[in-house]
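Below is one structure, written out as structure tokens; comments come after it.
There are 2 protein chains.
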Amino acid sequence: MTENIEDPVTDGRVLRGEATRERVLDAAERLFAAEGFDAISIRRIAAEAGVTLGVVSFHGGTKHQLFATVIERRVAALNADRRARLGVLLSGDKPPELRDLVDAYLTPYLTHASRGDPQWRAYARLIARIVSDDRWYPEIGNFYDPVAQEFLDAIQSARPATPRKELVTALTLTVAAMLSLVASRARIAGLSGDPAGEPLAYRETLITFCLGGFDAISRES
Amino acid sequence: MTENIEDPVTDGRVLRGEATRERVLDAAERLFAAEGFDAISIRRIAAEAGVTLGVVSFHGGTKHQLFATVIERRVAALNADRRARLGVLLSGDKPPELRDLVDAYLTPYLTHASRGDPQWRAYARLIARIVSDDRWYPEIGNFYDPVAQEFLDAIQSARPATPRKELVTALTLTVAAMLSLVASRARIAGLSGDPAGEPLAYRETLITFCLGGFDAISRES
DNA sequence: TGACAATTTATACGTTCGTTCAGATAGTTT
DNA sequence: AAACTATCTGAACGAACGTATAAATTGTCA
């Protein structure tokens, strides 16, 4: 057999289009992550992707649609990572420990933000950018909030005496702390004097800090 | 003496210029805070301020210079607030408690972000926006870092056994948590179901959370 | 009052923006 | 081979952009 006809390696018409589409999305992901939606033009995305202007519109539609597509492309994978870890914790005999819940929420993001794939690293920066901008919440919030609610349910089980509202606040602060390891690396480097390490290198410190915060809040109730 | 030549109340030529300049800076502050540097045009700032296009350039210079001026205009006041509180704490007989140090760093910002003056509220949103964007750090980091270092020195005295690097990380996470109360209010509202209260309303919870985080990190060392 | 300077207006310049589209190109199918 | 269609090119559109400046306006001062 000289060539498998279903093998996606075939550079036929459709497959070439798919590859181009991914190149465009990758370029948009990198640039949006680095400088934000408003600072990036479709022309720069085209240049970064090595295609002409019309191709970006052809595969990505409107600039706004392109941005949304870049987000949606990876959101399912990140949610699946978190849900899988949560599922393992919930399947045990005992209710999960709070530390493991915090770990399960933070680690998938930190891993993607630090590990090899530069596109995932860019995506992590992009997420950090838009979560700290209320303008995107109506569009993006419903992608992430359901998983956060599932974690909140589990956290509530681990801390039954703490009011839900306090736990919501604590999780919000935890997420903000997590994202700052990606978004504010220059500040970390500037304050500490050394260049900032990868976000994953701060994992233990971050979990300790946030768990200490959760516990302190639980203790007050 | 019919008129004090140095009296700034005179609405003469120079003073009218000064008032216009403030209107321009105020408008720029509101718009930059709401949508970011790249999304705002000089023409929108002019319209918001109720002046013509050239006036913005006349009083604000380049768009970039205008942005820097907006930041610098209030940074001294915020730094002074924090330094004053720190000075009070350091002037006592005993070394200050960690809780009071965290309080002294967080409360001035939360107060300005919540109290009456809408321009200060806008400025607080603007700070939250640019701190979570490494692109601005080279330009504005040196405005805030010296005060942060002074607080770090005091925090180090309160936790002598904890490595400086851990304290730097903890303060960074603390700042990120603080800013999220201003920057991610939509997410807080979405997750909790209720509209988010003013940042100052979360002050106790925030301080408890961050202090718990500091203590947990100190305990590990 | 008339010269002077600070402030404001009105307009223009060249560039870049997002979007659209007719036509060229190149696999696929009949 | 010919019809077909997904993909790509190249060019154009009006609008908005940041910046600059000559002229008009307005208050100050000799």
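So the protein sequences, as listed, match chains A and B. With the numbering used here applied, the first sequence corresponds to residues 12 to 232, in that order. With the numbering used here applied, the second sequence corresponds to residues 12 to 232, in that order. Every residue gets a Cβ at the ideal spot worked out from N, C-alpha and C, and that includes glycine.
Secondary structure note for A/L211: it is in no alpha helix (DSSP H), with a DSSP letter that is neither H nor E. Fewer than three pairs of CB atoms, one per stretch, sit closer than 8 Å, so the segment 72 to 79 of chain A makes no contact with the segment 168 to 183 of chain A.
The DSSP assignment places no complete run of the beta strand (DSSP E) inside the segment 135 to 196 of chain A (cut-off: 3 residues). Assignment of B/D128 by DSSP, reduced to helix, strand and coil, places it in the coil class.
Taking 8 Å as the CB threshold, B/I228 lines the interface with chain A. Interface residue (Cβ-Cβ distance to chain A less than 8 Å): B/V142 is classified as such. Proximity to A/L36 across A/G61, A/D49 and A/A50 peaks at A/G61, based on C-alpha coordinates. By the beta-carbon neighbour count (other beta carbons within 10 angstroms, threshold 16), B/L217 is buried. Out of A/F154, A/D104 and A/R54, the CA that lies nearest to the CA of A/A91 is found in A/F154.
Residues of the segment 189 to 219 of chain B with a Cβ closer than 9 Å to any Cβ of chain A, in chain order: M189, L190, S191, L192, A194, S195, R196, A197, R198, I199, A200, G201, L202, S203, G204, D205, Y213, E215, T216, L217 and T219. A straight line joining the alpha-carbon of A/S143 with that of B/E46 spans about 12 Å. Put simply, of A/A139, A/D205 and A/V113 the residue whose alpha carbon is nearest the alpha carbon of A/E161 is A/V113. With 16 or more other Cβ atoms inside 10 Å of its own Cβ, B/T180 counts as buried. For the C-beta of A/E46, the chain B residues within less than 8 Å are, from N- to C-terminus, D49 and R146.
Neighbours of B/E231 across chain A, judged by C-beta separation under 7 Å: T219.
For B/K74, the uninterrupted alpha helix (DSSP H) segment begins and ends at K74 to L101. In this structure, the straight-line span from the alpha carbon of A/E33 to that of A/G127 is close to 18 Å. CA-to-CA, the gap between B/A135 and B/S125 works out to about 9 Å. Below 8 Å, too few C-beta pairs join the segment 203 to 223 of chain B and the segment 202 to 210 of chain A to call them touching: fewer than three. By the neighbour-count criterion, in which 16 or more other beta carbons inside 10 Å mark a residue as buried, B/V99 falls on the exposed side. Contact check for B/A79 and B/V67: beta-carbon distance about 14 Å, past the 8 Å limit, so the pair fails to qualify.
For the 8 Å CB-CB criterion, B/L97 and B/A165 form a contact. No Cβ of chain B is located within less than 8 Å of the beta carbon of A/V81.
The beta carbon of A/F220 sits closer than 7 Å to those of A188, all from its chain and outside the five residues before and after it, given in chain order. Listed along chain A are L202, each with a C-beta nearer than 7 Å to that of B/A159.
Look at A/K74: its C-beta is not under 8 Å from any C-beta on chain B.
Closer than 8 Å to the CB of A/L109 there is not a single CB belonging to chain B. In the displayed model, A/T31 falls within a helix according to three-state DSSP. Contacts between A/V179 and chain B, judged by CB atoms closer than 9 Å, involve I199, L202, S203 and G204 in chain order. Just so you know, the alpha carbons of B/L109 and A/A194 end up roughly 26 Å apart.
Rounded to the nearest whole angstrom, the C-alpha separation of A/I138 and A/S52 is 19 Å. Apart from sequence neighbours up to five positions away, the residues of its chain that approach B/S232 with a beta-carbon distance below 7 Å are A172, T173, P174 and E177, ordered along the chain. Taking the beta carbon of A/K176 as reference, the chain B residues within 7 Å of it are S203, listed in sequence order.
Counting along the chain, no alpha helix (DSSP H) covers A/I51, and no H or E run does either. Leaving aside the five residues that flank B/H70 on each side, the residues in its chain whose CB is nearer than 7 Å to its CB run, in chain order, T31, R32 and V35.
Note on A/P119: 16 or more other CB atoms within 10 angstroms of its CB, so buried under the neighbour-count rule.
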